[in-house]
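Just below is one structure, and these are the notes that go with it.
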Amino acid sequence: MSETDEYDLESGPDPATVATDHPESREAANPVHAVGIGPGSTAYLTPRGKRSITEADVIVGFETVVEFIRDHIGDETTVFTCGYRDEATALENFADRVATGASGTAVLMGDPNHSGYQFVGKVQRVVDRPVRIIPGISALQIAASRARTPMEATTFVTLHKSGEIDDALTRIRRDVGTRNLLILPRPFDWMPESIAAMLCEAGANPELETLVFERLTHENESRTQSTLGALAADTAVAEPTREDTDFSDLSVLAIRQNTT
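For the sequence shown, position 217 (counting from the first letter as 1) is numbered 217 according to the UniProt record's numbering, and the numbering increases by one without interruption.
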């Protein structure tokens, strides 16, 4: 990947377009794997995902993600960890190893099909082999179970990505009240209180039941049950910031549909 192709967190282009450009090939030989590790507790790591991790010659992923599955990584495995600002370097190092024929696995939180397509696209851009997704259990699936919001009656929206999210916010405003909502907030601005305030300002029923789940499947998992209006209280809609929330980055917001 050249300097001019390098992904800019602020302006794109959105690497998810690379990941979603075409279906996976069933005949793809020697693929690199993109594994969803689940919501954090390794009790929710699928056997297929675990095998891809334990058998990998080289692994890449965000440091916080890798730490969750550290005990499943082989002693001889090379691991490249990163944050947002140095992920390009980690991915280049990963691609260099994969180019020599090493078996490679990229690890992502939850299920890549819910909120990981940007990272899948970044992997796909730098490696010279096909990328195969191994789905995982997502925090959204756990939240749907906890909130008792059937998937067929629920709109799933992830704000936890870089770039523009206007379309996602439009979907939330469109479906609030008529469908259940399960939302992955964005830690640096659109957290549960700001989302609730936006919806109330748009005319949503402030009595709608809300649940904010934090650290799902972990020992310190918590649930805050409220209403849309109470969650939105004293929160500014314009230019929300990270300081406008009482919740952790590992949060899922559930807004139950109006049943009356």
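We treat Cβ as the ideally placed atom computed from N, Cα and C, and that holds for glycine. Owing to the predicted nature of the structure, the values given are computational and were not obtained by experimental measurement.
Those residues which DSSP pairs with residue i across a bridge
| i | result |
| --- | --- |
| Leu184 | Thr158 |
| Gly38 | Gly110 |
| Gly104 | Val58 |
| Glu219 | Its beta-bridge partners do not exist; DSSP assigns none. |
| Phe213 | Arg223, Val252 |
| Ile133 | Ala34 |
| Arg179 | Val176 |
When the options are compared against residue i, the one with the closest alpha-carbon
| i | options | result |
| --- | --- | --- |
| Ser226 | Ser145, Ala254, Asn113 | Ala254 |
| Ala29 | Thr17, Ala88, Ser103, Glu214 | Ser103 |
| Thr20 | Gly49, Arg51, Arg148, Phe119 | Phe119 |
| Pro150 | His160, Leu182, Leu91 | Leu182 |
| Ile142 | Thr64, Glu27, Leu216, Ala232 | Leu216 |
| Thr42 | Asp71, Ile59, Asp167 | Asp71 |
| Ser251 | His160, Gly229, Ala230 | His160 |
| Arg85 | Phe62, Gly74, Glu243 | Phe62 |
| Val65 | Glu219, Ile133, Leu108 | Leu108 |
| Asp189 | Ala202, Ile165, Arg146, Ala233 | Ile165 |
| Ala90 | Ile73, Val127, Thr54 | Val127 |
| His22 | Val131, Tyr44, Arg148 | Val131 |
| Gly229 | Phe247, Pro192, Ala147, Glu219 | Pro192 |
| Leu169 | Ser145, Ile73, Ser194, Arg148 | Ser194 |
Other residues of its chain near residue i: CB distance less than 8 Å, five sequence neighbours each side excluded
| i | result |
| --- | --- |
| Gly110 | Gly36, Ile37, Gly38, Pro39, Gly116, Gly136, Ile137, Ser138, Ala139, Leu140 |
| Gly177 | Ala204, Asn205, Leu208, Gln257, Asn258 |
| Arg171 | Thr155, Val157 |
| Arg179 | Ala153, Thr154, Thr155, Gln257 |
| Val58 | Thr77, Thr78, Val79, Phe80, Phe94, Arg97, Val98, Ala102, Ser103, Gly104, Thr105 |
| Glu243 | none |
Cutoff 6 Å; reference residue i; Cβ partners in own chain excluding five residues on either side
| i | result |
| --- | --- |
| Thr224 | Val212 |
| Asp249 | Pro187 |
| Ile133 | Ala34, Pro112 |
| Glu221 | Arg215 |
Cutoff 7 Å; reference residue i; Cβ partners in own chain excluding five residues on either side
| i | result |
| --- | --- |
| Pro15 | Tyr7, Gln118, Gly121, Lys122, Arg125 |
| Arg129 | Asn30, Pro31, Val32, Val98 |
| Phe68 | Ile37, Gly40, Thr42 |
May I have a chain-ordered list of the alpha helix (DSSP H) segments no shorter than 4 residues that lie completely inside the segment 58-92?
-> 63-68
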